[in-house]
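S.K.: Letter by letter, the sequence shown follows residues 716 to 1188 of this note's numbering.
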Amino acid sequence: MASPARRKVLALGALAAGALPLIGATGTTRALAHSPRTAGSRSTPRFPDAWFPITDYGAVGDATTDCTGALRTAVAACHAAGGGHVLVPAGRWATGAIHLLSGVDLHVAEGATLLFSTDPAAYLPVVRTRWQGVEAYNYSPLIYAYRQRDIAVTGRGVLDAQSDKAHWWPWKGSGQYGWQPGMPHERDDWGHLEQWGATGVPLAERVFGEGHYLRPSFVQPHSCRNVLIEGVTLRNSPFWNIHPVLSSDITVQDVTVECQGPNSDGCNPDSCRNVTIRRTAFATHDDCIAIKSGRDQDGWRVGVPSRNILVEDCVYVSGNAAVAIGSEMSGGVSDVRVRRLYIPRDESLDEESVACVLNVKSTPTRGGYVRDVRVTDVHAPAWMYVPFEVTFQYAGGTSGDAFADVSRLSAERWYVGGPCEYPIRIRAREEAPVRDVRLGDLTFRNAAQEPLFQSVTGLSLRDVVINHPVEGS
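Structure (C-alpha cells):
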C-alpha cells in the first residue's frame, strides 16, 4: 500500500481533474458529475423553501470567530419553524460540533468552508455513538444527529476537520501520524471498551470523552431516518468520515472524501438499511466504503444487520478496499449490490493505490453472516493487491469458533488491468466454508499467483481470464 504522502499526491491530482470517467461493461465513458438529486426507489428528505442564513444569527466568516453558537441557534430556529435550510454562505466559518434536528438541511454553499475546531473540548458533552463496532459515550462526531428524521448536509462547499499530525491523528499511537513516546494514545481506551463490550458492561458505564483518546467520526446520523448527504467535500477527518449508525433510508451522493489519516474510512453504514451511495469519489487511507454491523458480543447484543445497500457509479482514487464488508459485521450484512466502479491508475506509483475491489473480512470471533452480495461492471486499470478477497483471518485473527456464515457472493464483468498478487483469494475454514460463489466475465491482465480457493462450496466460474493479453496491446 502506498505511503500517505505519496498517495496524497495521487488523490489530490486525480480529484483536481474534475470529472473522472466511469466505464461500464459497454466500454462507454461517462463523467462523474454533480447532478440533481434523484430519489429512485429510496426515500430522500424534502425541505420547505425556508432559509436561515447563519449570518442572521451572528456568524462571521473570517475563519477565526467561533460560529458554533450561531450555527446551533440557526438549526434550532429552522427546526422550530417546521424545517428548511440552514445556509452557510461563502466564507470560512470556524465551528465546533454541529447537532442537526429533524427537518433541517445544513446547506454549505459553494465557496463556503466549515473549519472544525481541533480542540477536543469543542465536542463535549459526550454523546451515544459506536466506536469500531462497540457502543459507547464519547466525544460528539463533528456533525451529529440522534433520533432525528428528514435531515441533510448538502451544497458544493467544504467540511474541513483540520486533522493532521499535530491534531487528532497522533491519538492513533503511530509515529506515522505524529505520535511520539510519552504522548497520549487510544490503545488503552480501546482495550477497555473492547473488554466492556465482550463482558456486557452496561452502556451507561462506557463513558469516554474528556481525558480519553477515542477519536470521533466526522458525520454521524445515529438512530435517524431519511438522511441525505449530497455535494459536499469532506477533508481531513479525525476518524471515519461518514458513519451512519442504526439508521435507515440513507443517501450519500455526489460527495468527495479526501483524507490520508488513520482509520480514514470514507463511508461506513453500520447496522443500517436502505442505503444508497452513488457518484462519490474517495481518496482515503483506509477502506473507501465499509459495511458494518457491530463487533463480536456487543454486535450480537444489538443484533441489527446492515441490509439493502446500493453502491453505484463511484470512483476510488486511493484506499484499502473500494468496498469492504466487515470486519465488524457481527449483526449480519445482506443484500448488497455494487455496480459501475472505476479505480484509476497513477503511473507514477510502483505499488497499489487501492488494494481490493471487494474485501469480505472477518475473524473467528465475529459470528454474524454475509450473504447476497453482487459486484458488477468494474473497470480498474489500477495496480491492486487482491481484487476479490474473502478472509476469516483479518488482522491476524485465527483463534475462536464463532465463524461468519458467508454465502451467495457474485462478481461479473470486471476488468483489472494493472498488476495484482492473487486475482481472487478466498480463505475460509473447513468448519465454515464459503458457499455459492459465482464469478463470470472477469479479466485480470497481470496476476502473480493463481486464484486461491480454500474451503469453498458451490463455486461457479465462467469466462474468468487471467494473464490473457488484450487485443491491440
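The C-beta atom is built at its ideal place from N, Cα and C for all residues, glycine as well. Just so you know, these numbers come straight off a predicted model, no measurement behind them.
Kindly indicate the opening and closing residues of the beta strand (DSSP E) around G799.
M.R.: Run containing G799: 799-803, per the beta strand (DSSP E) assignment.
S.K.: Can you have a look at R1022 and say buried or exposed, based on whether 16 or more other CB atoms are within 10 angstroms of its CB?
M.R.: By the 10 Å Cβ count, R1022 comes out buried.
S.K.: In chain order, what are the residue ranges of uninterrupted beta strand (DSSP E) at least 3 long that sit wholly in the segment 953-1017?
M.R.: Qualifying beta strand (DSSP E) stretches, in chain order: 963-968, 971-973, 988-993, 996-998, 1004-1006.
S.K.: I'd like the list of long-range same chain contacts for G1041, defined as Cβ closer than 6 Å, with 5 residues on each side in sequence excluded.
M.R.: If we look at G1041 and ignore the five residues flanking it on each side, its Cβ neighbours are K1076, S1077.
S.K.: Thinking H800 and A765 are a contact (beta carbons under 8 Å), I'd like their distance in whole angstroms, please.
M.R.: Indeed, because the Cβ distance is near 7 Å, the residues count as touching under 8 Å.
S.K.: Can you tell me which of L857, C1071, D1120, Q1012 puts its alpha carbon nearest to the alpha carbon of R787?
M.R.: Closest by alpha carbon: L857.
S.K.: Who are the Cβ neighbours of I1139 in its own chain at under 6 Å, not counting the five residues just before and after it?
M.R.: Answer for I1139: F1103, P1166, listed in chain order.
S.K.: Within this structure, are the beta carbons of V1053 and V1038 separated by less than 8 Å?
M.R.: Cβ atoms of V1053 and V1038: closer than 8 Å.
S.K.: Quick check on P953: buried or exposed, where buried means 16 or more other Cβ atoms within 10 Å of its Cβ?
M.R.: Label assigned to P953: buried.
S.K.: Quick one: measure Cβ to Cβ for W808 and G776, integer angstroms, because I've assumed they're closer than 8 Å.
M.R.: At roughly 5 Å, the Cβ-Cβ gap stays under 8 Å, so W808 and G776 are in contact.
S.K.: So the alpha helix (DSSP H) T788 belongs to, where does it begin and stop?
M.R.: Its alpha helix (DSSP H) spans residues 783-795.
S.K.: When you compare the segment 856-875 with the segment 1008-1023, are there three or more beta-carbon pairs, one atom per stretch, that lie closer than 8 Å?
M.R.: Verdict: no, contact absent.
S.K.: Assign Q1164 to one of two classes, buried (16 or more other C-beta atoms within 10 Å of its C-beta) or exposed (fewer than that).
M.R.: It is exposed - the Cβ of Q1164 has fewer than 16 other Cβ atoms within 10 Å.
S.K.: Would you kindly work out how many angstroms separate the C-alpha atoms of R993 and V868, rounded to a whole number?
M.R.: Cα-Cα distance, rounded: 15 Å.
S.K.: Are the C-beta atoms of A1143 and some chain D residue less than 8 Å apart?
M.R.: No chain D is part of this structure, which consists of one protein chain only.
S.K.: Decide if Q1012 is buried, meaning its Cβ has at least 16 other Cβ atoms within 10 Å, or exposed.
M.R.: Per the 10 Å Cβ criterion, buried.
S.K.: Quick one: is N1182 buried, meaning 16 or more other Cβ sit within 10 Å of its Cβ, or exposed?
M.R.: Exposed, by the Cβ-count rule.
S.K.: How big is the Cα-Cα spacing for F923 and G906?
M.R.: Those two C-alpha atoms are separated by around 12 Å.
S.K.: What residues match up with I866 in a beta bridge as DSSP calls it?
M.R.: Answer is V942.
S.K.: Classify D764 as helix, strand or coil using the three-state DSSP reduction.
M.R.: Of the three classes helix, strand and coil, the one that applies to D764 here is coil, per DSSP.
S.K.: What does the alpha-carbon distance come out to for the pair Y892 and R1177?
M.R.: In a straight line, the C-alpha of Y892 is about 44 Å away from that of R1177.
S.K.: Could you give the first and the last residue of the continuous beta strand (DSSP E) run that contains W808?
M.R.: It spans 806-810 - the beta strand (DSSP E) in which W808 sits, taken as one unbroken run.
S.K.: Between the Cα of G872 and the Cα atoms of D865, T948, P1148, which residue gives the shortest distance?
M.R.: Closest by alpha carbon: T948.
S.K.: Ends of the beta strand (DSSP E) at Q1169?
M.R.: From DSSP, the beta strand (DSSP E) with Q1169 extends over 1167-1169.
S.K.: By alpha-carbon positions, which one of E1067, L1064, A881, L918 ends up nearest to V841?
M.R.: Ranking E1067, L1064, A881, L918 by Cα distance to V841 puts L918 first.
S.K.: Roughly how many whole angstroms lie between the Cα atoms of A740 and I1141?
M.R.: Caution is warranted here: a pLDDT of 36 is assigned to A740, below 50, making its placement in the model unreliable, and the coordinate value is therefore given only provisionally. The alpha-carbon atoms of A740 and I1141 are separated by roughly 25 Å.
S.K.: Under 8 Å between the Cβ atoms of Y1109 and A1070?
M.R.: No.
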